[in-house]
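Numbering (my numbering), first residue to last: 58 to 395. Note that beta-carbon positions come from the ideal geometry of N, C-alpha and C, so glycine has one too. Fair warning: this is a prediction, and the values are worked out from it, not measured in the lab. Have a look at the structure below, then the notes.
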Amino acid sequence: ENIVIDMLGLITLNVDTQKRWGSAGDGISQKDINEFKSSGINVFHHAYGVGGKNQTEAKINCLNFIGSLNSLIANRPDVFMRIDSIRDMTNVMDNGKVGVMLGIQNASHFITEDDVDLFHDLGQRVSQLTYNSRNMIGNGSTERIDGGISDFGSRIIERMNKVGMAIDVSHCGDQTTLDAFDISKKPVLITHSNVRALNPSHPRCKTDEAIKKMAKNGSVIGITNVRNFVKATEPTTIEHLLDQFDYVRDLVGSEHLGIGSDIDLHGYDDTPAKWYKELKAGYKGSYAFREKIDIEGVDHPKRMFDLTDGLIRRGYSDREIRGILGNNFKRVLSKIWT
């Protein structure tokens with residue numbers, strides 16, 4: 058049996074589902090549990106772009122976010138297991154629970170280097186250096202000016218290397234992305250992005266230069282299922298998503314490919330209309346949202362099976378598919394979490 062890791066897979070993003078579950082998870086139904094277990098996904102990297110008006114507010118918000126996840130996992134040990142180590146990945150496959158890796162899609166909560174230690178102690182194992190905007194560390198992907206990593210950011214990277222917290226540059230701007238690979242002594246993840254060569258105008262897609270540096274760094278890029286990241290125009294189908302995998306494989310090799318779907322089991326398009334509208338309105342025009350965010354065929358709880366079928370059609374070997382589904386990210390995390 059092969060481990061399956063979604064390196065940006067939310068356990069739920071639906072606000073109505075979150076309310077039904079409750080903070081302690083008492084409202085999680087057997088149907089919810091069955092959907093998790095039949096999805097084929099062993100580990101979900103559950104990360105939000107938490108921030109604030111300033112660093113203090115960001116830190117408080119992130120403490121609340123991590124605290125709520127830890128509470129949910131602790132109150133429903135029959136369903137969830139927190140993933141802190143590579144050994145936990147083995148254990149979660151044996152016990153059949155839903156593995157949850159704690160991450161934050163920003164690093165504004167690191168006011169000092171010691172905050173890296175604090176959040177690592179609380180269970181955070183992955184952190185993006187930025188979300189889409191500039192912070193004290195570097196530049197996000199939608200900033201007007203493409204700046205690099207600050208001196209403070211270099212110190213944060215050094216501390217993340219020391220404690221074994223994975224660095225993620227998925228939402229970082231181009232120069233910040235490249236700088237991270239140069240500064241870090243450990244592999245730097247791209248947990249959920251797409252290919253700029255296939256969608257030239259989208260800031261959330263990575264350049265060939267960045268993908269090559271990622272590979273030289275010994276790391277992995279997770280390909281997202283987000284419609285407007287995959288292709289700039291309609292139609293956008295699972296075949297165009299598979300083109301993303303093919304491009305990276307041909308450029309640097311399949312050992313540097315993984316999955317970071319950037320959705321939960323049901324996707325964005327089934328979320329409450331008011332929240333869905335507000336979500337789209339919260340991003341700059343460069344995100345280029347269209348009517349739908351999800352891609353048909355990979356917008357449901359068993360999407361990993363359809364994606365696997367697609368990879369088989371494209372001629373990937375069993376070894377390559379096992380790597381893409383989870384072994385590649387497991388391999389690189391084993392080098393980081395030490």
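| Asked | Found |
| --- | --- |
| Coil, strand or helix - T290 by DSSP | coil |
| Reference T281; option with closest CA among K263, E291, K270 and Q75 | K263 |
| 7 Å Cβ cutoff met for E312 and N385 | yes |
| Every unbroken beta strand (DSSP E) inside the stretch 248-290 [3 residues or more] | 278-280 |
| N111 versus F167 - alpha carbon distance | 11 Å |
| Through-space distance from R284 to H259, alpha-carbon basis | 11 Å |
| Contact set for E215: own chain, Cβ-Cβ below 7 Å, skip 5 residues either direction | none |
| Proximity of V100 and P244 at Cβ, strictly below 7 Å | no |
| Those runs of the alpha helix (DSSP H) which lie wholly inside the stretch 107-147 and span at least 4 residues | 112-132 |
| Sub-7 Å separation of R77 and G66 beta-carbons | no |
| Buried or exposed by the 16-neighbour rule on C-beta atoms within 10 Å, applied to G197 | buried |
| Rounded separation between R201 and A345 - CA only | 16 Å |
| Three-state secondary structure assigned by DSSP to D178 | helix |
| Rounded separation between G230 and L129 - CA only | 33 Å |
| Nearest-angstrom beta carbon gap, V72 and P329 [assumed within contact, 8 Å] | 6 Å |
| Reduced DSSP category for S391 - H, G, I as helix; E, B as strand; rest coil | helix |
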